[in-house]
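K.L.:
Here you go, one structure.
2 protein chains.
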Amino acid sequence: MAQPMYQQIADDLRIKIETGELAPGAQLPTELELRENYNASRNTIRDAIKRLTSLGAVETKPGQGTFVVQKIDPFVTILTDDPKRGIVGENATYLSEVSESHREARLTTPRVEIQVPSGEIARRLRVESGTQVISRHQQRFIDEIPWSLQTSYYPMEFVTSGKAPRLLIAEDMPDGVVSYLEEAMGIRQVGYRDWITARTPDSNEQSFFRISHDATVFEIFRTGFDEDATPVRLTVTIFPADRNQFIVNVGKAPGPQYE
Amino acid sequence: MAQPMYQQIADDLRIKIETGELAPGAQLPTELELRENYNASRNTIRDAIKRLTSLGAVETKPGQGTFVVQKIDPFVTILTDDPKRGIVGENATYLSEVSESHREARLTTPRVEIQVPSGEIARRLRVESGTQVISRHQQRFIDEIPWSLQTSYYPMEFVTSGKAPRLLIAEDMPDGVVSYLEEAMGIRQVGYRDWITARTPDSNEQSFFRISHDATVFEIFRTGFDEDATPVRLTVTIFPADRNQFIVNVGKAPGPQYE
DNA sequence: GGGTATTTGTCCGTATGTATT
DNA sequence: AAATACATACGGACAAATACC
């Protein structure tokens, strides 16, 4: 046996999917039918299907069947801001990028919390661990598909000093928090750093994005800095890898995005 | 049964790993022992372990046992070139970044091929599909751990014109291909665009990186442009997500890397 | 709403193969 | 060569989710 049987079955089905014999959205034969087609036991068929789900080629729905996944048209985020536009709020950038591509973006109103951050958050925002921070959490959708989960963290003294009370208000800031902080506190964000990682989703992310436990999500930490190189904000965004890609432009790179 | 049994067992083992009760590198009890510990069948134990492998928490070795994975110290690549350094070869950047972190980098000598590129490669390099291109492929290691797979593509006329013959020589160019092209052909790369995606590894990548089929790799397409905004090269690099992270600096961001 | 058929999910037991020590 | 440990494959039983009448 060169290849295990479940692997051969998975490959055969994968080829049928790639050639279009099984179209996107189409239902695969049921486990019982596949069992007869391939003359294998149901468990072996199930192993083959598990292989395909972990490749992201099919999805199973209890009580209904197994279906070829609809490939989602990926949304591309430009991490390096357009210099002509200057550094603006991420949400404004997000909304304009999406509308440029003729798709409909939507954000939830922020959920504002006072938290004691995890060690990683505290380290990146450079506050002492054990102190409190303000967190603002938003969900983002494109064409009503859940697209990303974003949480921004700010040092607690921004509100305890009385200077930036609107950080605690559960409302979106259309001009962006960055420009609000400049108006209210004189803090200028002169640059930022994105730290890009990938991992498997936790259970919250699995249910929000409706992805399986062995899918992949990007986790991007964006730290904004003022002129003294002090972090003024940290934004952590989770993007499912099946519907998100990123662009970094350096030097003279043409067009906004496409050739 | 709120949670399925295999899930509870997986969670219990995961907690023991996170708390350090099962140290990195340690061997888990064998399937037979776990079966007695949890009073479950061997198949159920195996389902729990599959869950942990897909999380990347453990790895199984036939004939030996199941082991807590040694977390690899991730290597961080800066995608936005340091402006003081200017735009130099990726390999030079790679070697210097690694040596700055006191780790040992190594590259294989390039494997040079003439290929008819796939549609995606042709589109990104903006050559007509069906025409030939030069490809140069290298494997990169850090401390002898396989770290990335890189393939660069160049338009065929760079050598058919007789101007850049060294592109066909299977030798690393320590100063970088970019500066060679400038010397030899007068082509200046004035900028580049990185396009960042993530996916599961193909079988080549699985065996080279020694990762499982449901791991994740970053696939980064770097297109270099000359002053006419014409692509002069395309570099595709595969990075396993368990040992690679990326940084993008925009505006004034402090330090090279760490706070 | 309820009942039934269909389909996938979980769990068990067993046998045999393959890799490593 | 033998023992150990994981990998593959079979079969069966019941549960849970969904669709349909």
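As you go down the protein sequences, you meet chains A and B in turn.
Just add 306 to the spot in the first sequence (first one is 1) and you have the working numbering.
Just add 306 to the spot in the second sequence (first one is 1) and you have the working numbering.
Yeah, the Cβ is synthetic: ideal placement off N, Cα and C, and Gly gets one too.
Leaving aside the five residues before and after A:R499 along the sequence, list all residues of the same chain whose C-beta is less than 6 angstroms from its C-beta, in chain order.
P.N.:
T529
K.L.:
Is there a C-beta anywhere in chain B that falls below 8 angstroms from the one on A:I493?
P.N.:
Among the CB atoms of chain B, none fall inside 8 angstroms of the CB of A:I493.
K.L.:
Going by DSSP, name the residue or residues bridged to A:A354.
P.N.:
A:A354 is not bridged to any residue.
K.L.:
Report the option in A:L328, A:E463 and A:L455 whose CA atom is closest to the CA atom of A:L431.
P.N.:
For the options A:L328, A:E463 and A:L455, the alpha carbon positioned closest to that of A:L431 is the one of A:E463.
K.L.:
Could you check whether the Cβ of A:R417 sits closer than 7 angstroms to any heavy atom belonging to the ligand GDP?
P.N.:
Of the ligands one can find in the structure shown there are none, so the ligand GDP has no counterpart to examine.
K.L.:
Nearest-angstrom Cα distance between A:F373 and B:R412?
P.N.:
Taking the straight line from one Cα to the other gives about 44 angstroms.
K.L.:
Please look up how many angstroms separate the CB atoms of A:L358 and A:L319, rounded, as I've assumed it's under 8 angstroms.
P.N.:
6 angstroms
K.L.:
Which same chain residues end up closer than 8 angstroms to B:A504 when comparing Cβ atoms and leaving out the 5 residues on each side of it in sequence?
P.N.:
Excluding residues within five positions, the ones whose Cβ falls inside 8 angstroms are T522, V523, F524, E525 and A547.
K.L.:
In whole angstroms, give me the CA-to-CA distance for B:E488 and B:V538.
P.N.:
Taking the straight line joining both Cα atoms gives about 11 angstroms.
K.L.:
For A:V465, which of A:A490, A:G436 and A:V556 has the nearest alpha-carbon?
P.N.:
Taking only the C-alpha atoms, the option nearest A:V465 is A:A490.
K.L.:
Does the CB of B:Q566 have a neighbour CB from chain A at under 8 angstroms?
P.N.:
The shown model of chain B, from 307 to 565, leaves out residue 566 of chain B, and the question about it has no answer.
K.L.:
Name the residue from A:E477, A:F552 and A:V484 whose alpha carbon lies nearest to the alpha carbon of A:V382.
P.N.:
The shortest Cα separation from A:V382 among A:E477, A:F552 and A:V484 belongs to A:F552.
K.L.:
Mapping DSSP to helix, strand and coil, what is A:P560?
P.N.:
coil
K.L.:
Can you give the beta carbon distance from B:S611 to B:I517, rounded, assuming they're within the 8 angstroms contact cut?
P.N.:
Here chain B has residues from 307 to 565 only, and residue 611 of chain B is not among them.
K.L.:
Pop quiz: B:T541 and B:S458 are said to be a contact at Cβ under 8 angstroms. What is the actual Cβ separation, rounded to whole angstroms?
P.N.:
4 angstroms
K.L.:
Label A:V364 either buried or exposed according to how many other C-beta atoms from any shown protein chain fall within 10 Å of its C-beta, with 16 as the threshold for buried.
P.N.:
buried
K.L.:
In or out: A:P471 buried (at least 16 other Cβ within 10 Å) or exposed?
P.N.:
exposed
K.L.:
Which residues in the same chain as A:D478 place their Cβ atom closer than 8 angstroms to its Cβ, once the five residues preceding and following it in sequence are excluded?
P.N.:
N397, L413, T415, P416 and Q444
K.L.:
Sorted by chain position, which residues of the same chain lie with C-beta nearer than 7 angstroms to A:M311's C-beta, five sequence neighbours on each side aside?
P.N.:
A346 and T350
K.L.:
According to DSSP, what are the bridge partners of A:N555?
P.N.:
Looking at the DSSP output, A:N555 sits in a beta bridge with B:R499.
K.L.:
Check the Cβ of A:D520 against every Cβ in chain B and list those closer than 7 angstroms, keeping chain order.
P.N.:
S360 and D520
K.L.:
Report yes if the C-beta distance between B:N343 and B:P330 is below 8 angstroms; otherwise report no.
P.N.:
no
K.L.:
Name the two residues that bound the continuous alpha helix (DSSP H) containing A:V484.
P.N.:
V483 to M491
K.L.:
Taking all protein chains shown into account, decide if B:A316 is buried (16 or more other Cβ within 10 angstroms of its Cβ) or exposed.
P.N.:
buried
K.L.:
Which same chain residues end up closer than 6 angstroms to A:W501 when comparing Cβ atoms and leaving out the 5 residues on each side of it in sequence?
P.N.:
F527
K.L.:
Please report the residue range of the beta strand (DSSP E) in which B:L413 lies.
P.N.:
A411 to L413
K.L.:
Using the beta-carbon of each residue, which ones in chain A are nearer than 9 angstroms to B:W453?
P.N.:
In chain order: nothing, as chain A lies at least about 15 angstroms away.
K.L.:
Going by C-alpha to C-alpha distance, which of A:P423, A:A476, A:I378 and A:Y486 sits closest to A:F515?
P.N.:
Nearest C-alpha to A:F515: A:I378.
K.L.:
Sort A:D508, A:P380 and A:Q370 by Cα distance to A:D449 and report the nearest one.
P.N.:
A:P380
K.L.:
Who are B:T386's beta bridge partners in DSSP?
P.N.:
Residue pairing for B:T386: DSSP places it in no beta bridge.
K.L.:
Whole angstroms are fine: how far does the CA of A:S360 sit from the CA of A:E419?
P.N.:
35 angstroms
K.L.:
Note down, in chain order, each residue of its chain lying with its Cβ closer than 7 angstroms to the Cβ of B:R352, except the 5 sequence neighbours on either side.
P.N.:
E337
K.L.:
So the alpha helix (DSSP H) B:I321 belongs to, where does it begin and stop?
P.N.:
For B:I321, the enclosing alpha helix (DSSP H) begins and ends at M311 to E324.
K.L.:
Which stretch, first to last residue, makes up the alpha helix (DSSP H) that contains B:G425?
P.N.:
G425 to L431
K.L.:
Using DSSP's beta-bridge definition, name the partner residues of A:K287.
P.N.:
One cannot answer for residue 287 of chain A here, as it falls past the ends of chain A, which runs 307 to 565.
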